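Report on one structure; see the data block that follows.
Protein chains: 2
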Amino acid sequence: MKNVNAYAAKSNDADLEPFDIERREILANDVKIEIDYCGVCHSDIHQVRNDWGNSKYPVVPGHEIIGRVIEVGKDVKNYKEGDLVGVGCMVDSCQECKSCKDDLEQYCENGMTATYNGKDEHLGGHTFGGYSESIVVREKFVLKVPENLDTKAVAPLLCAGITTWSPLRQWNVKKGDKVGVVGLGGLGHMGVKFASALGAHTVMITTSPGKAEDAKRLGADEVLISKNEDEMKKHQGTFDFILNTVPVGHDTNPYVGLLKRDATMTLVGAIDEVDIHGGGLIMGRKRLAGSLIGGIKETQEMLDFCGEHDIVSDIEMIDIQNINDAFDRVVKSDVKYRFVIDMKSIKK
Amino acid sequence: MKNVNAYAAKSNDADLEPFDIERREILANDVKIEIDYCGVCHSDIHQVRNDWGNSKYPVVPGHEIIGRVIEVGKDVKNYKEGDLVGVGCMVDSCQECKSCKDDLEQYCENGMTATYNGKDEHLGGHTFGGYSESIVVREKFVLKVPENLDTKAVAPLLCAGITTWSPLRQWNVKKGDKVGVVGLGGLGHMGVKFASALGAHTVMITTSPGKAEDAKRLGADEVLISKNEDEMKKHQGTFDFILNTVPVGHDTNPYVGLLKRDATMTLVGAIDEVDIHGGGLIMGRKRLAGSLIGGIKETQEMLDFCGEHDIVSDIEMIDIQNINDAFDRVVKSDVKYRFVIDMKSIKK
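From first to last, the protein sequence lines stand for chains Y and D.
Residues 1 to 348, numbered by full-length UniProt numbering, are exactly what the first sequence covers, in order.
Residues 1 to 348, numbered by full-length UniProt numbering, are exactly what the second sequence covers, in order.
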């Protein structure tokens with residue numbers, strides 16, 4: 001096999017295959033990272049398969065990146081060779097708009113640069129992600145990773161972690177709150193860990209009784225089977241916050257019914273039409289909200305929190321050569337709870 | 001004609017007709033009010049026609065009541081004979097739950113008593129509303145009406161007014177904000193007046209170009225025709241708050257697109273399924289919320305604000321004998337913007 005440095009899909013129905021990419025020369029503010037691990041996010045599959053209609057080929061996915069700094073630009077202040085670092089879903093933004101100034105680069109009004117499939121301002125074309133040997137990233141978008149954690153299990157924190165952490169923090173989840181997490185997958189299992197670590201009475205809300213035991217192991221205080229109408233009725237109007245990780249359109253009304261007056265349910269996965277009844281919001285002054293990943297500052301806060309509380313994802317390791325099987329298993333929800341690619345395997 | 005004291009519908013397809021009702025003897029904390037005016041709310045029609053499936057007949061509608069105190073119970077402290085007062089959508093609540101203690105009796109966890117079609121705790125059966133000569137109400141649910149306003153045009157403030165005032169205040173609409181009001185009817189015309197009086201740059205959002213002139217007369221700084229895609233695009237992501245008064249299920253996505261990051265659209269009319277795309281909420285951390293009328297304390301604040309700023313509804317007066325025609329015209333949106341019944345006409 002040719003000496004490749006990445007894996008890519010060349011069209012929407014192609015398997016990922018060995019591929020060679022160019023990374024830019026490092027600029028004054030750039031950090032070059034040798035990638036150790038990269039998580040497999042469901043959105044990698046959506047983009048490879050062009051489910052959102054905006055994919056550019058070849059697609060090199062991967063935005064849950066962990067590695068070591070191997071080179072820094074002359075103006076880089078916070079990183080040096082050998083540092084353990086992470087890169088998430090973004091590698092750049094304008095730094096000038098209100099959202100960037102508010103440390104919420106994910107909502108950059110001029111459009112943030114996605115880690116892959118974003119517009120590459122340096123080389124032209126589009127950006128390539130972490131299913132690769134190395135990456136060059138502007139310092140501002142590099143995260144410090146605590147050294148005390150199981151490094152490979154940190155990778156999914158860069159997307160699944162921050163996506164669930166950000167709304168829990170935005171809505172001020174705290175000790176004594178009753179918090180629901182809907183859906184137990186890559187996002188949901190992190191939602192349970194975080195809500196529990198923040199001191200909330202955490203309720204896993206799922207359609208699958210089979211997930212109860214695992215939810216409790218992850219930190220859930222209770223499991224609510226959403227198909228059980230009697231159980232749902234008992235919990236009506238009692239939740240301070242619900243994090244909804246369901247990745248597709250669905251009927252949100254039963255969950256809205258669980259909220260207290262003035263409480264919020266935040267969608268982090270469903271980027272489709274969802275069913276919602278106006279009366280359910282009006283009768284208790286409730287809110288249906290959304291949240292997209294998180295800003296760089298809060299991503300660092302999350303990583304620091306994880307370091308202090310010894311929190312990582314539950315993962316299954318694979319070699320990059322097994323990525324196509326892994327995609328199929330993710331689609332079938334057959335993973336607890338995140339695949340992580342050992343990126344050194346690319347040399348095999 | 002027999003000497004009647006109210007008008008009622010006896011079944012869901014019956015016209016309103018003269019009817020005689022009993023009011024309770026006043027208790028220690030009761031206020032008896034001779035009704036001068038009563039507004040005609042769209043929900044009067046829904047309840048008369050049993051559109052919500054919970055009507056109890058005979059239905060005596062009316063929850064936008066203005067009148068003079070004619071008698072007070074021995075423990076009444078804040079009212080005396082001759083006072084100009086109002087009664088809105090509620091006449092009682094438990095006073096003990098968290099919502100009642102938070103001055104949000106409309107969300108009473110034990111169920112507030114609606115002014116009509118509510119459970120009558122005193123006489124049994126159900127409550128009768130303001131399409132009548134007089135009403136007996138617990139002091140706590142009686143509002144003081146400023147004497148300097150056009151009294152008959154104050155009536156709609158008790159429902160249409162507080163329904164729009166409450167979310168504008170909850171979401172802290174203030175000078176300099178850009179606020180949209182969707183729909184120009186009984187609620188919407190009050191929304192425009194209030195948003196403007198609170199100092200916001202107020203934009204009337206309507207499907208009907210024919211409403212532009214009137215919207216500006218009511219206080220709108222701009223009119224945005226929601227069917228005009230170019231106009232809608234220009235306003236994308238620029239609104240701090242949107243008050244949505246559309247009374248039926250509809251596609252909320254175009255309006256959500258108008259919101260800034262972290263901004264909210266509150267539904268006050270649509271108690272049906274509405275269309276909403278999860279991605280529209282997620283991409284800008286936006287919120288779809290609901291709001292139901294308002295608490296007694298904030299209703300009093302609204303009336304006081306109206307007294308200070310000389311704000312009333314735009315009304316068309318009718319005699320009670322014309323109520324059935326008025327209902328038909330409300331259904332056709334053929335009223336600018338609220339019918340008010342001269343209740344003295346019942347003696348004609």
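Backbone N, C-alpha and C fix where the C-beta goes; we use that ideal spot for every residue, glycine too.
Just so we're clear, the structure is a prediction, and the values are computed from it rather than from any experiment.
Just confirm the distance between the C-beta atoms of Y:Tyr7 and Y:Ile323, as a whole number of angstroms; I'd bet it's less than 8 Å. 6 Å
Helix, strand or coil at D:Val331 according to DSSP, with G and I counted as helix: helix
Counting only beta-carbon atoms, is Y:Glu81 nearer than 7 Å to chain D? no
Cα-Cα, which of Y:Thr299, Y:Leu16 and Y:Ser196 is closest to Y:Thr163? Y:Thr299
So, for D:Tyr337: in the same chain, excluding its five sequence neighbours on each side, which residues have a beta-carbon less than 7 Å away from its beta-carbon? Gly185, Gly186, His189, Ser313 and Asp314
Mind checking the stretch 289-315 of chain D against chain Y and listing, in chain order, the residues whose C-beta falls within less than 7 Å of any C-beta there? Ala289, Gly290, Ser291 and Leu292
Is there a C-beta anywhere in chain Y that falls below 7 Å from the one on D:Tyr255? no
Which parts of the stretch 23-111 of chain D are runs of the alpha helix (DSSP H), unbroken and 4 residues or longer, counting only runs that do not cross its ends? 42-48 and 98-101
Does the beta-carbon of D:Glu105 have 16 or more other beta-carbons within 10 angstroms, so that it is buried, or is it exposed? buried
Which residues in the same chain as D:Met1 place their Cβ atom closer than 6 Å to its Cβ, once the five residues preceding and following it in sequence are excluded? Low per-residue confidence applies at D:Met1: pLDDT is 48, beneath 50, and the placement is therefore not dependable enough to give any value.
Under 6 Å from any heavy atom of the ligand FAD, does the C-beta of D:Lys336 make it? This structure simply doesn't include the ligand FAD, nor any ligand for that matter.
Is it true that the stretch 67-81 of chain D meets the stretch 238-247 of chain Y, where meeting means three or more beta-carbon pairs spaced less than 8 Å apart? no
Using the three-state DSSP reduction, which class does Y:His250 fall into: helix, strand or coil? coil
By DSSP, does D:Pro18 sit in helix, in strand, or in coil? strand
Ends of the beta strand (DSSP E) at D:Phe239? Phe239 to Asn244
With a threshold of 7 Å between beta carbons, is D:Ile242 in contact with chain Y? no
Taking the CB atoms as reference points, tell me whether Y:Ile65 and Y:Gly130 lie closer together than 7 Å. yes
Assuming Y:Gly62 and Y:Tyr116 are in contact, meaning their beta carbons sit under 8 Å apart, how far apart are those beta carbons, in whole angstroms? 6 Å
Between which two residues does the beta strand (DSSP E) containing D:Leu224 stretch? Glu222 to Ile225
Could you check if Y:Trp52 is buried or exposed, using at least 16 other CB atoms within 10 Å of its CB as the buried criterion? exposed
Tell me which residues share the same chain as D:Val4 and place their Cβ nearer than 8 Å to its Cβ, disregarding the 5 neighbours each side in the sequence. Pro18, Phe19, Asp20 and Ile346
Contacts around D:Glu96, its chain only, beta-carbon distance under 8 Å, and the 5 residues preceding and following it disregarded: Asn110
If we count the other Cβ atoms within 10 Å of its Cβ and call it buried at 16 or more, is D:Lys332 buried or exposed? exposed
Taking the C-alpha atoms as reference points, what is the distance between Y:Asn253 and Y:Gly280? 7 Å
Taking only beta-carbon positions, decide if D:Leu84 is within less than 7 Å of chain Y. no
So, do the stretch 225-233 of chain Y and the stretch 226-246 of chain D have three or more beta carbon pairs nearer to each other than 8 Å? no
Neighbour flag for residue 354 of chain Y against chain D, beta carbons, 7 Å: Nothing about residue 354 of chain Y can be reported from this structure: the residues present for chain Y run from 1 to 348 only.
In chain Y, what lies closer than 8 Å to D:Ile276 by C-beta? Glu273, Val274, Ile276 and Leu288
Below-7 Å beta-carbon distance, Y:Leu281 vs any chain D residue: yes
Proximal residues, the stretch 157-183 of chain Y versus chain D, C-beta separation under 7 Å: none
For D:Ala197, the first and last residue of its enclosing beta strand (DSSP E): Not the beta strand (DSSP E): D:Ala197 falls in the alpha helix (DSSP H), residues Gly186 to Ala197.
Can you tell me whether Y:Asp214 is buried or exposed? The criterion is at least 16 other CB atoms within 10 Å of its CB, across all chains shown. buried
Could you please give the first and the last residue of the uninterrupted beta strand (DSSP E) stretch that includes D:Arg338? Arg338 to Asp342
Interface residues of the stretch 107-132 of chain Y facing chain D [CB-CB below 8 Å]: Tyr107 and Glu109
Find the residues of chain D that neighbour Y:Ser99, judging by a C-beta separation of less than 8 Å, and give them in chain order. Arg261
Quick one: list the residues of chain Y neighbouring D:Leu267, beta-carbon separation under 7 Å, in chain order. Gly278, Leu281 and Ile282
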